[in-house]
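Working notes, structure below.
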Amino acid sequence: MEIITTVADMKAKVAEWKAEGLTIGLTPTMGALHEGHMSLMERAVAECDRVVTSVFVNPIQFGPNEDYDNYPRDLERDAAIAESKGVSVVFHPSVEEMYPENYNCYVTMETLTDTLCGAKRPGHFRGVCTVVNKLFNIVDPDKAFFGQKDAQQLAIIKRMVSDLNMRVKVFGCPIVREEDGLAKSSRNTYLSAEERTAALCLSRSIFKAQELIEGGERDAATVKRAVIEVIEAEPLARIDYVEVVSLANMQPVETLGEAGLVAIAVYIGKTRLIDNFLYDYTEAE
Ligand code: PAF
């Protein structure tokens, strides 16, 4: 496995693969790889001839008071994981390589970004769309794989690809959880032992929502109340948002439609974690 750090070298490698008629998969990450990322790599390796995992902590998707400086970085460990999963290249550009002096072009969405994390983290999805767009242009993948844990991000990227007529096919992969239910996240490493136990209120509340919805509950306020009750029982938890939204437009619903998302963001101490439950009855009917 190779580690490539420049756009020119990455493009040259892609050109080589394309000349051989090989298909390319991309798993974009910010590093600090965990089993969630590994599941994306496994799927990409199974479906594509060559796989690129990008490891880039993208400064423009972090707000001024967020954790950009402290975000865990360990390229050696990440590269070893990627190699063990059969990834062909880790693309690890510097900030200057991705955003040279006078960089001046950003990708914004008109909809889907004004609720949930988009509302709470102004500019976040502008940063995500911009970097993902750049990665798609650099790697020109046939398929790209993202985690369902970042459900709003996934919906936005799918929409960007469709609106801008990009050729890449985007796939969402299921949330991977610890044995006790906590959704895997690079930010889990910030938690103290006490906070790690407290963080279980996220998955507990999501499982409660799932139980209600699978039991036939269709009133969003009832689902939200049940989720909030579980989280508020945990003294170390502070709710950032709890919302039930339509999958089509990420807008809050009163009555659960065919496809939607129960999405939560919760601070455990200073660490902000997200989780969600996706329901989709469109194919079942
Ligand atoms: O989900 C992430 O890790 C990031 O938002 C992404 C998609 C790699 C863009 O920086």
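The numbers in numbering that gives the first Met the number 0 rise by one with no breaks, and the one at position 166 of the sequence shown is 165. C-beta atoms are modelled at their ideal positions from N, C-alpha and C, and glycine is treated no differently.
- If you keep only unbroken alpha helix (DSSP H) runs of at least 4 residues inside the region 57 to 97, you get 74 to 83 and 94 to 97.
- Between F124 and T114, the CB-CB gap reaches or exceeds 8 Å.
- At least one heavy atom of the ligand PAF lies less than 7 Å from the C-beta of F145.
- Here the region 15 to 26 makes contact with the region 43 to 61; the two share three or more CB pairs at distances below 8 Å.
- Taken from the Cβ of Q152, at least one heavy atom of the ligand PAF lies inside 7 Å.
- Between the alpha carbons of V138 and Y102 lies a gap of roughly 20 Å.
- Secondary structure of K269 (DSSP, three-state): coil.
- Shortest Cα-Cα distance from P140 to any of Y105, V13, A150 and E213 involves V13.
- Its Cα nearest to that of L235, the residue L272 stands out among E210, L272 and R217.
- V252 places its beta carbon 8 Å or farther from that of V261.
- The three-state reading of DSSP puts E253 in coil, since its state is none of H, G, I, E or B.
- In this chain, the beta strand (DSSP E) harbouring A143 covers K142 to G146.
- Taking 3 residues as the minimum length, the beta strand (DSSP E) runs contained wholly in the region 100 to 155 are 142 to 146, in order along the chain.
- Put simply, the backbone Cα of K223 is about 21 Å away from that of I174.
- Just measuring C-alpha positions, the residue of N275, N57 and D66 sitting nearest K183 is N275.
- In this structure, the alpha-carbon of A208 lies about 48 Å from that of E15.
- Separation of the CB atoms of G171 and Q147 is rounded to 5 Å, and the pair is thereby assigned contact status at 8 Å.
- In this structure, P27 has its beta carbon less than 7 Å from a heavy atom of the ligand PAF.
- Where C200 is concerned, the enclosing alpha helix (DSSP H) starts and stops at L199 to E213.
- When secondary structure is reduced to three states using DSSP, S184 falls in the coil class, being assigned neither helix nor strand.
- Between the C-alpha atoms of V167 and V130 there is a straight-line separation of about 15 Å.
- One alpha carbon belongs to N187, the other to R195, and they sit about 7 Å apart.
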